[in-house]
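Contents: one structure, followed by commentary.
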Amino acid sequence: MRVFYEDWQMECCGTPFRVGDEVSWTLVAYDAEDVPQERGYGAEAWVENHGGPDEATAGRVHAIELVRQEYLVHTDPRALERVGRALEPAAEPPRLVVLPSPYRREPVAGAHTLEAVGTCPKWFGKEEPGRDRGPHRIRRTTGALVTLEVPDGNPGDLR
109 MRVFYEDWQM ECCGTPFRVG DEVSWTLVAY DAEDVPQERG YGAEAWVENH GGPDEATAGR
169 VHAIELVRQE YLVHTDPRAL ERVGRALEPA AEPPRLVVLP SPYRREPVAG AHTLEAVGTC
229 PKWFGKEEPG RDRGPHRIRR TTGALVTLEV PDGNPGDLR
């Protein structure tokens with residue numbers, strides 16, 4: 109079965125794994141609403157590290173592919189100026205300043221690539237938006253698409 113392991117799930121609470129490793133994960137099945145929105149990149153389920161004491165699915169990792177998604181980035185020039193002003197050195201002692209991101213990322217439908225790897229990383233590289241004011245494109249590694257061999261081809265109970 110194919111399983112999507114999101115970058116933030118791994119970075120937060122995951123343990124890196126290799127092709128050939130035995131793993132045990134709590135899996136959540138993708139539903140019909142996820143398919144048109146291209147969630148999961150063709151996977152049947154995704155790994156959930158933040159659920160309760162649910163049943164885990166055990167299996168052997170047969171393949172790992174890093175998913176790199178292309179995004180169209182829109183920049184709010186006024187928010188970008190506020191961030192620039194907040195970063196300027198001030199005569200006053202620094203204080204906490206919370207500002208919204210000046211960037212809105214929108215996934216480009218069908219614009220993702222898969223890269224076969226032998227090990228899933230703990231940390232995923234992320235191309236950050238530049239300071240371009242106009243729309244521009246970036247690529248971000250959003251997670252790993254894992255082919256998981258489960259006993260008898262039965263993934264057990266998916267949530």
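Heads up, the sequence shown is in the working numbering, so the first residue is 109 and it goes up one at a time.
Every residue gets a Cβ at the ideal spot worked out from N, C-alpha and C, and that includes glycine.
Contact belief for residue i with residue j at Cβ below 8 Å, rounded distance in angstroms
i, j, result
"V169", "F232", "Not confirmed; about 17 Å, so no contact."
"R248", "R176", "7 Å"
"R212", "H182", "5 Å"
"A131", "I172", "Here the sequence assigns Val to residue 131, which means Ala is not the residue at that position. Actually they are not in contact, since the Cβ atoms of V131 and I172 sit about 11 Å apart, beyond 8 Å."
"V111", "W154", "7 Å"
"D115", "T250", "6 Å"
Residue i and residue j closer than 8 Å at C-beta
i, j, result
"C228", "Y113", "yes"
"G128", "L256", "no"
"E156", "Y138", "no"
"L188", "E214", "no"
"E178", "V216", "yes"
"T134", "A164", "yes"
"A252", "L195", "no"
"E119", "K230", "yes"
"I246", "P259", "no"
Residue(s) in a DSSP beta bridge with residue i
i, result
"V111", "A153, V254"
"G148", "In DSSP, G148 forms no bridge with anything."
"A171", "T255"
"L178", "A small correction: the amino acid at residue 178 is Glu; Leu does not occupy that position in the sequence shown. DSSP, once it has assigned bridges, lists R247 as partnering E178."
"A166", "S132"
inquiry  = Report the start-end ranges of each beta strand (DSSP E) in the segment 186 to 232 that is 3 residues or longer and not cut off at the edges.
reply    = 211 to 225
request  = Taking only runs that begin and end inside the segment 111 to 140, name each unbroken alpha helix (DSSP H) of 4 or more residues, in chain order.
outcome  = 115 to 121
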